[in-house]
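K.L.:
Read top to bottom, the protein sequences are chains H and Y. Take the first sequence: its position 119, counted from the start at 1, is 118 in numbering that gives the first Met the number 0, and no numbers get skipped. Take the second sequence: its position 321, counted from the start at 1, is 320 in numbering that gives the first Met the number 0, and no numbers get skipped.
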Amino acid sequence: MRRARKARAPRPNPHELMPPEGVPISLEVAAIGTRIAAQLTDLVVTFIGSVALVILLVVLKVTDPDTIFALAAFLFFAIRVPYYIVSELLWNGRTLGKRLMAIKVVAEDGGTLTAHALVARNLMKEAEIFLPATLVFTLDSASPLASILTTLWILATLVVPLANPRRRRLGDMIAGTYVVRLPVPILLSDVSRGPVPVRQAAGQGFSFYPHQLDHYGVYELQTLEALLRAGERPKGGAAAAKNHAESLAAVIEKIRLKIGYPDPVPEAERQAFLKAFYNAQRAHLEQRQLLGERRENKFHASAEPAAAPDATPAPATEKT
Amino acid sequence: MMTDDATLIRSARFRKEREASLSRLESLVARAETQGLHRMSFAEARDLAELYRQATSSLAIAREISLDKALLDYLEALTARAYLSVYAPQERLGGLVRRFLTEGAPQAMRAAWLFVALGFLSLGLGALAGYLLYFDSPDWYHVFLPPEMAGGRGPEASTAYLRSVIFSDGEDQDGLGAFAVFLFSNNTRIAFLAFGLGVFLGLPAILLTFYNGLSLGAFLALHVDRGLGWELGGWLSIHGVTELSAVAIACGGGLKLGAALLFPGRRTRRAALAEAGRDAVKLAIVAAIMLIAAAALEGFGRQLVQDTTTRYTIGWAVGALWLAWFTLAGRKPA
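(1) Between D323 (chain H) and A69 (chain Y), how many whole angstroms is the CB-CB distance? I'm expecting something under 8 Å.
(2) Quick one, which of H:H214, H:A238, H:G21, H:N242 has its alpha-carbon nearest K297 (chain H)'s?
(3) Under 8 Å between C-beta atoms, does V115 (chain Y) make it to chain H?
(4) Return helix, strand or coil for V179 (chain H), following the three-state DSSP convention.
(5) Please classify G110 (chain H) as buried or exposed, where buried requires at least 16 other C-beta atoms within 10 Å of its C-beta.
(6) Which ranges would you report for the alpha helix (DSSP H) in the region 90-176 of chain H if only whole runs of at least 4 residues count?
(7) Give every residue of the same chain whose Cβ lies closer than 7 Å to the Cβ of S25 (chain H), excluding the five residues on either side of it in the sequence, and list them in chain order.
(8) Are at least three pairs of beta-carbons, each pair with one atom in the region 162-172 of chain H and one in the region 223-234 of chain Y, less than 8 Å apart?
(9) Please check the pair M123 (chain H) and G170 (chain H), which I expect to be a contact at CB under 8 Å, by giving their CB distance rounded to whole angstroms.
(10) Can you list, in chain order, the residues of its chain whose CB lies under 7 Å from that of F119 (chain Y), leaving out five sequence neighbours each side?
(11) In whole angstroms, what separates the C-alpha of V53 (chain H) from that of F76 (chain H)?
(12) DSSP state of I185 (chain H), grouped into three classes?
(13) Checking 8 Å against the spacing of the C-beta atoms, do V159 (chain H) and I102 (chain H) come in under that value?
(14) Express the C-alpha separation of L88 (chain H) and L181 (chain H) in angstroms, rounding to a whole number.
(15) Closer than 8 Å, CB to CB, is I185 (chain H) near chain Y or not?
(16) Closer than 9 Å between beta carbons: that is the criterion. Which residues of the region 280-297 of chain Y meet it against chain H?
(17) Flag M17 (chain H) as yes if its beta-carbon sits less than 8 Å from any beta-carbon of chain Y, otherwise no.
(18) Using the C-alpha atoms, what's the distance from E107 (chain H) back to A273 (chain Y)?
(19) Taking only beta-carbon positions, decide if P396 (chain H) is within less than 8 Å of chain Y.
(20) According to DSSP, is S57 (chain Y) part of a helix, a strand, or is it coil?
(21) Please report the distance separating the alpha-carbon of Y177 (chain H) from that of K274 (chain H).
(22) Since S25 (chain H) sits in a beta bridge, which residues does DSSP pair it with?
(23) Is the shortest distance between the beta-carbon of S10 (chain Y) and the beta-carbons of chain H less than 8 Å?
(24) Count the other C-beta atoms from every protein chain shown that fall within 10 angstroms of the C-beta of M17 (chain H), then say buried if there are 16 or more, exposed otherwise.
(25) Give the C-beta separation of V240 (chain Y) and G314 (chain Y) to the nearest angstrom, bearing in mind that I take them to be a contact with Cβ-Cβ under 8 Å.
(26) If you run the structure through DSSP and keep just helix, strand and coil, what is G264 (chain Y)?
(27) Helix, strand or coil for E295 (chain H), going by three-state DSSP, please let me know.
(28) Closer than 8 Å between beta carbons: that is the criterion. Which residues of the region 155-175 of chain H meet it against chain C?
(29) Just checking my contact of L235 (chain Y) with L161 (chain Y) at CB under 8 Å: how many whole Å lie between their CB atoms?
(30) Just mark A119 (chain H) as buried or exposed, buried being the case when its beta carbon has 16 or more other beta carbons within 10 Å.
(31) If I follow the unbroken alpha helix (DSSP H) through P203 (chain Y), where does it start and stop?
(32) Express the C-alpha separation of A126 (chain Y) and G175 (chain H) in angstroms, rounding to a whole number.
(33) Could you give the distance in angstroms between the alpha-carbon of A279 (chain Y) and the alpha-carbon of A59 (chain Y)?
(34) Could you tell me the distance, in whole angstroms, from the CA atom of Q302 (chain Y) to the CA atom of I165 (chain Y)?
(35) Check whether the region 103-117 of chain Y touches the region 248-260 of chain Y, counting contact only when three or more Cβ pairs, one atom from each stretch, lie closer than 8 Å.
(36) In three-state DSSP terms, what is Y215 (chain H)?
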């Protein structure tokens, strides 16, 4: 008998969403704490709304004091449910609380959020969050079975979001949605651009040989980018500037030692040297990447042989 | 100064060529997010979609050829924001409500008729069991209806008292208050629990509905025992037809979810749950609408209408209206 072995698919990255265009988009899954904060904000908003309505009804003498609590509870419910659905529908998956916390609901299939999805996830919210929350207040020691069941229910609804990588609650699963953090697009300048530094003493730029550029990878390059950026826009006082100058010097010494650059770099040309090195290194690494060899970090040379055997699949054992 | 294109490295040229269109996309996205797509002009909306698609391809290329972290981060974030505003829901609220009432709800009810029937069945069986058990021994009454829930209406109450409750003129409560109190009564809780707990394999939904039927049956039996069966029927009918149907429908929705988990077929359980959710959610909304209608009938109708025959007529006429909605609306012309 031959048993078909299920090939284990690689686990998809939870922070990536595939839109219809077919280019995966990075959207970071919202943290649980952020979502709770948004939830609390929404609760406060709807609570204030219903209290205002109740006060209005009392002032207008439409109701009498005996039933005011039942009426308030009903109004809270009748405001809360449509509030979540309508606000998420009109504001593209964001309630007031979510706007404040810069998170939003997205559809996991990469399509448009449908009305059905929003209704489903918010109706389930009633069963998942609000119902157990109100049940907590009715717990008493007289009925241990009910208490245990309620506790189990609450635990189950708490565990579900923690047990899946996209932090989805049951309502999200039924609706096919999850919640992401809104990314903020900020375009920083291109470090490689701007005046190409000219070496004053020799009258020409710094130049590097290809073998000198074979030491580092993407990680080091982007760390250097951050360092150069800090040098371009100095912040803080004299102490910070001195600190930065010292780290520049240290970095340059390390690089010179590693790549075997013979000439010492005078203090005035440190930034220029690093910029020239960044440009040369980036051009070199980008070319390697274009040729199919992406170098993640300076350990790329030692990592290569180890990575090779992974390409050949392990021989499958077959039972006959 | 040597800043002409020839001295730039390839990825820097790549970035320079696209910066203008990317910043235009950024401003369009900001407008779409603050005003909404439908308030933008045609040209702007077209440019947004066009530039978004360009940005996705730029992103795909940049991931391959560029090590400029600033550009990569910006492109990732901008493309994501643009994606979110391009694929924002464009439905109007009014259209949604109309579509739900005329098509979605009745179609879902018909599609899930088996589960709704199961809901009615468990309610009916429960009522039958409660009814028979009461005649077996009246002690069962307080097992099904704890004294604090029965409100003094138990086997120990006098027939006169039972009659007075059925025909109370309701001076103790105004309409709105009774409406609200009703909504937080036992049956609403049961309906919600039955739907919500249906996810847990459907059993709790059946048990709860059955239990609801048990107390109903025992309550009915008590009044039949005292010769008040016909009067109680009227008292219950005016809102009960709507209300108990809502409980059964909510139970049906819960069962639909539970069945999807139990018998997913060839799909994954999650996919089955998501698919069942489409109908189940509509059933839940229908149940909620019916509960509100029942509350209105209870709050305003029961005190005004004291005649038993009229109570029957109103209750079952409303029930017939619900049935007509579920069976007739939203059918495609053959």
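Glycine included, every Cβ here is placed at the ideal spot set by N, Cα and C. No experiment lies behind these values; they were computed from the predicted model shown.
P.N.:
Let me lay it out:
(1) An answer regarding residue 323 (chain H) cannot be provided, because it is not within the stretch 0 to 319 covered by chain H.
(2) H:H214
(3) no
(4) V179 (chain H): strand per DSSP, three-state reduction.
(5) exposed
(6) Whole alpha helix (DSSP H) segments, 4+ residues: 95-100, 114-124, 130-137, 143-162, 169-174.
(7) H14, E15
(8) no
(9) That pair is a contact at about 3 Å.
(10) A247
(11) Their Cα atoms are separated by approximately 13 Å.
(12) coil
(13) no
(14) 17 Å
(15) yes
(16) Those residues of the region 280-297 of chain Y that come within reach of chain H (Cβ to Cβ, closer than 9 Å) are V280, K281, A283, I284, A287, I291, A294.
(17) no
(18) 12 Å
(19) Past the edges of chain H, shown from 0 to 319, lies residue 396 (chain H), and the structure says nothing about it.
(20) helix
(21) 42 Å
(22) Here S25 (chain H) is bridged, per DSSP, to H:E15.
(23) yes
(24) exposed
(25) So it is a contact: roughly 5 Å between Cβ atoms.
(26) coil
(27) coil
(28) This model lacks chain C altogether, as its protein chains are H and Y.
(29) Going by Cβ atoms, the distance from L235 (chain Y) to L161 (chain Y) rounds to 13 Å, so no, they are not a contact pair.
(30) buried
(31) 202-224
(32) Computed Cα separation, rounded: 38 Å.
(33) 40 Å
(34) Looking at the backbone, the Cα of Q302 (chain Y) and that of I165 (chain Y) are separated by about 10 Å.
(35) yes
(36) coil
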